[in-house]
Amino acid sequence: MTEVYVSMTMEILHNGHLRILKEAKRHGRVTVGLLTDQALENKKALPLLSFEQRREILESLDCVDEVVAQDAWEFDDVLDKYQPKVFVHGDKWDGPLQGLRDRVVQKLNSYGGTFVELPYSHEFDNASIAPQMTAALASPYARQKAFRRLMQSHRLVRILEAHSPLAALIGENLQVERNGKTLQFDGFWSSSLTDSTEMGLPDIEALDISRRLQNIDEIFEVTTKPLVMDADTGGKAEHFELRVRTMERMGIAAAIIEDKTGLKKNSLLGTDVPQTQASIEEFSDKIRAGIEGQKYNGMMIIARLESLILGQGVDDALMRADAYVRAGAGAVMIHSKEKEPDEVFSFTDQFRASHPDIPIVVVPSSYNTVHDYELQAHGVKVIIYANHMLRASYKAMDMVARSILINGRTAEIEDDIISIKQILKLIPGTA
Ligand code: SPV
Ligand code: MG
Numbered sequence: 010m011t012e013v014y015v016s017m018t019m020e021i022l023h024n025g026h027l028r029i030l031k032e033a034k035r036h037g038r039v040t041v042g043l044l045t046d047q048a049l050e051n052k053k054a055l056p057l058l059s060f061e062q063r064r065e066i067l068e069s070l071d072c073v074d075e076v077v078a079q080d081a082w083e084f085d086d087v088l089d090k091y092q093p094k095v096f097v098h099g100d101k102w103d104g105p106l107q108g109l110r111d112r113v114v115q116k117l118n119s120y121g122g123t124f125v126e127l128p129y130s131h132e133f134d135n136a137s138i139a140p141q142m143t144a145a146l147a148s149p150y151a152r153q154k155a156f157r158r159l160m161q162s163h164r165l166v167r168i169l170e171a172h173s174p175l176a177a178l179i180g181e182n183l184q185v186e187r188n189g190k191t192l193q194f195d196g197f198w199s200s201s202l203t204d205s206t207e208m209g210l211p212d213i214e215a216l217d218i219s220r221r222l223q224n225i226d227e228i229f230e231v232t233t234k235p236l237v238m239d240a241d242t243g244g245k246a247e248h249f250e251l252r253v254r255t256m257e258r259m260g261i262a263a264a265i266i267e268d269k270t271g272l273k274k275n276s277l278l279g280t281d282v283p284q285t286q287a288s289i290e291e292f293s294d295k296i297r298a299g300i301e302g303q304k305y306n307g308m309m310i311i312a313r314l315e316s317l318i319l320g321q322g323v324d325d326a327l328m329r330a331d332a333y334v335r336a337g338a339g340a341v342m343i344h345s346k347e348k349e350p351d352e353v354f355s356f357t358d359q360f361r362a363s364h365p366d367i368p369i370v371v372v373p374s375s376y377n378t379v380h381d382y383e384l385q386a387h388g389v390k391v392i393i394y395a396n397h398m399l400r401a402s403y404k405a406m407d408m409v410a411r412s413i414l415i416n417g418r419t420a421e422i423e424d425d426i427i428s429i430k431q432i433l434k435l436i437p438g439t440a
């Protein structure tokens with residue numbers, strides 16, 4: 010029988026897929042190359058269904074003979090490997106597929122394969138299924154699941170601070186090209202520093218938890234990506250146990266708690282202000298409370314080590330990290346306020362060796378010359394850009410206000426700010 014190859018992501022199975030697969034079946038034995046999370050990296054958001062779930066659905070179809078994992082977005086490797094007699098694909102080659110068609114034709118010609126290109130059915134384009142998909146992706150459980158899958162994947166996870174829904178929309182939608190790869194942020198950071206600053210309050214856990222959660226709820230209203238909450242010290246273990254229930258129900262993907270006790274000050278102040286680290290026992294109890302308080306273990310509890318911030322050294326951080334993981338922390342965050350990442354790397358290299366599977370989170374606010382790929386090479390899994398959106402907005406607002414006073418009008422600043430026309434287009438439903 011003729012070998013026919015069809016490649017698909019299949020976020021959800023719809024009759025557009027069935028049409029393609031039935032057409033493919035007319036040409037012979039059908040192998041579906043199902044895109045893995047790795048193949049989708051930097052190209053598309055991860056589908057709601059896991060690879061295994063999508064595979065099971067496809068395998069149950071009469072028009073599919075075999076499902077294989079396609080680990081690359083491009084078709085070069087699969088065409089070399091399977092050399093199918095027939096390659097079936099829709100005729101829509103825009104967006105991230107751009108440029109791939111010519112290479113497919115070339116490869117097929119090189120060994121005499123046939124290209125069957127099917128007309129794209131606009132019945133199933135993003136616009137028609139997007140609202141339902143967005144609603145599904147934005148559900149509390151889906152956000153938490155997406156985060157866990159990101160943590161299990163091989164990819165570096167980039168988290169952007171969002172102090173408002175508008176800031177979050179940038180993290181939700183922005184895509185850039187770097188070295189031929191499409192990059193985007195994977196989720197949001199709800200920062201105690203920027204949430205407090207936005208309210209004109211110091212970062213000392215003074216902002217009410219209900220207000221922090223309200224901010225998150227507003228961000229959730231307009232986005233789909235996972236959110237990591239800076240839960241400060243978590244407060245008293247008994248209170249934290251109750252709060253995690255609400256956080257979990259809302260769909261917060263992870264809560265990071267820091268191992269300080271008493272009145273917490275911002276970490277970047279280090280030992281310039283009085284700050285006390287909790288005992289290992291006290292903090293381990295809080296981690297356990299954060300796990301036990303949840304209904305379905307939807308939210309990861311991440312232990313944040315303040316040893317370097319408080320001058321206790323890398324060995325102290327390693328000893329604590331080990332204890333916190335034993336208490337059930339799903340990941341550890343190592344924080345530093347140094348200009349260079351040396352002590353962070355000393356921690357990550359040693360921790361990686363003893364705990365290869367526990368994700369490491371970093372917040373490179375002070376050691377800001379280090380690149381994401383260097384952090385990744387040292388075993389970092391998650392990078393949080395913790396305060397830059399708020400810092401950007403304050404500076405821009407200050408500049409505008411000054412310009413208005415100095416010039417006595419707004420014409421001079423117009424080119425540096427978003428136009429009213431763009432604002433009206435920015436939010437669907439405004440115009
Ligand atoms: C925050 O963003 O509130 C943090 C990170 O906790 S830091 O400000 O560096 O302490
Ligand atoms: Mg904080």
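Here my numbering is used: position 337 in the sequence shown is 346, and no number is missing along the way. We treat Cβ as the ideally placed atom computed from N, Cα and C, and that holds for glycine.
The ligand MG has a heavy atom closer than 8 Å to the beta-carbon of Ser201. The closest heavy atom of the ligand MG lies 8 Å or more from the beta carbon of Ser428. Following the DSSP letters along the chain, one finds Glu301 inside the alpha helix (DSSP H) bounded by residues Ile289 to Glu301. With the rule of 3 Cβ pairs closer than 8 Å, the segment 261-281 counts as touching the segment 313-320. DSSP places Asp366 outside both helix and strand once states are collapsed to three, so it counts as coil. For the options Thr11, Gln107, Val15 and Lys53, the alpha carbon positioned closest to that of His36 is the one of Thr11.
The alpha carbon of Glu32 has as its nearest neighbour, out of Gly307, Val231 and Leu127, the alpha carbon of Leu127. In the structure shown, His387 adopts coil according to DSSP, grouped into three states.
Sorting Met142, Met17, Arg164 and Gln193 by C-alpha distance to the C-alpha of Gln385 places Arg164 at the top. Your pair Glu257 and Lys295 does not check out as a contact, with CB atoms roughly 16 Å apart and the cut at 8 Å.
When DSSP states are grouped into helix, strand and coil, Asp239 belongs to the strand group. Ranked by Cα distance from Met238, the options Lys245, Thr255 and Gly337 are led by Thr255. Checking the 8 Å criterion, the Cβ of Ser276 is within range of a heavy atom belonging to the ligand MG. Judged by pairs of C-beta atoms under 8 Å, the segment 217-227 does not touch the segment 365-381, as fewer than three such pairs exist. Contact check for Tyr394 against Leu210 fails: the beta carbons are separated by 9 Å or more.
Scanning its chain for C-beta atoms nearer than 8 Å, with the 5 sequence neighbours on each side dropped, one finds around Leu49 the residues Thr18, Leu55, Pro56 and Trp82, in chain order. With fewer than three CB-CB distances shorter than 8 Å, the segment 244-254 does not count as touching the segment 173-189.
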